[in-house]
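Note that the sequence shown covers residues 36 to 152 in my numbering.
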Amino acid sequence: MTKTLLNKALMAAAAVAITTTGFAASASAQNRTVRSVAVDYSDLDLVSAAGKATLQGRIKGAVRQVCGSYDSKSLRDMADHGNCMEQASNSAQRATVTIMAAAAAGKPIKTALLVKN
């Protein structure tokens with residue numbers, strides 16, 4: 036039964052999408068902009084420290100791309116941007132745990148993460 040649950044988790048992770056309900060920094064709730072960035076990790080050895088560090092760097096860059104910049108004079112933009120960054124990062128890290136576990140189990144998932152807001 037445990038093996039079945041692990042297989043289901045690995046299959047779900049194969050189509051992993053990192054999502055956030057935050058808004059693009061300049062968008063209001065009525066005018067939401069959705070952006071996404073794929074994070075390819077098929078070239079990385081996720082069992083190695085260097086591979087893990089490289090993936091984390093790619094995820095950070097993707098989160099910055101997705102959330103964009105903000106108007107530092109607008110408290111609303113600053114708050115929306117902060118929420119976007121936090122939620123996208125948290126979602127990415129949750130998906131990364133599954134991907135790393137699969138790599139450690141010798142069953143790496145060779146798909147790209149999709150970071151979007």
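The C-beta atom is built at its ideal place from N, Cα and C for all residues, glycine as well.
### Query
Are the beta-carbon atoms belonging to valine 72 and glutamine 100 less than 7 Å from one another?
The residue you call residue 72 lines up with position 37 of the sequence shown. The residue you call residue 100 lines up with position 65 of the sequence shown. Yes, these two residues count as a Cβ contact at 7 Å.
### Query
Quick check: the segment 76-87 against the segment 127-145, are there 3 or more CB pairs under 8 Å?
yes
### Per DSSP, cross-strand counterpart(s) of leucine 148
As a first step, residue 148 must be located in the sequence shown, where it is residue number 113. Leucine 148 pairs with Val74.
### Query
Can you tell me the Cα-Cα spacing of arginine 129 and lysine 95, whole angstroms?
Along the sequence shown, read from residue 1 onward, the residue named residue 129 stands at position 94. Along the sequence shown, read from residue 1 onward, the residue named residue 95 stands at position 60. If you take the alpha carbons of arginine 129 and lysine 95, they lie about 14 Å apart.
### Query
Are valine 132 and valine 98 close, meaning C-beta to C-beta below 7 Å?
Within the sequence shown, residue 132 is the residue found at index 97, counting from 1. Within the sequence shown, residue 98 is the residue found at index 63, counting from 1. Not closer than 7 Å, so no.
### Pairwise C-alpha distance: alanine 123 and tyrosine 76
On the sequence shown, residue 76 is found 41 positions in, with the first residue counted as 1. On the sequence shown, residue 123 is found 88 positions in, with the first residue counted as 1. About 18 Å.
### Query
Since leucine 34 is in the alpha helix (DSSP H), which residue starts that stretch and which ends it?
The structure shown has nothing for residue 34, since the chain only spans 36 to 152.
### Task
Keeping to the same chain, check which residues put their C-beta closer than 7 Å to that of proline 143; ignore five residues upstream and five downstream.
Numbered from 1 along the sequence shown, position 108 holds the residue referred to as residue 143. Correct list, in chain order: Leu81 and Ala137.
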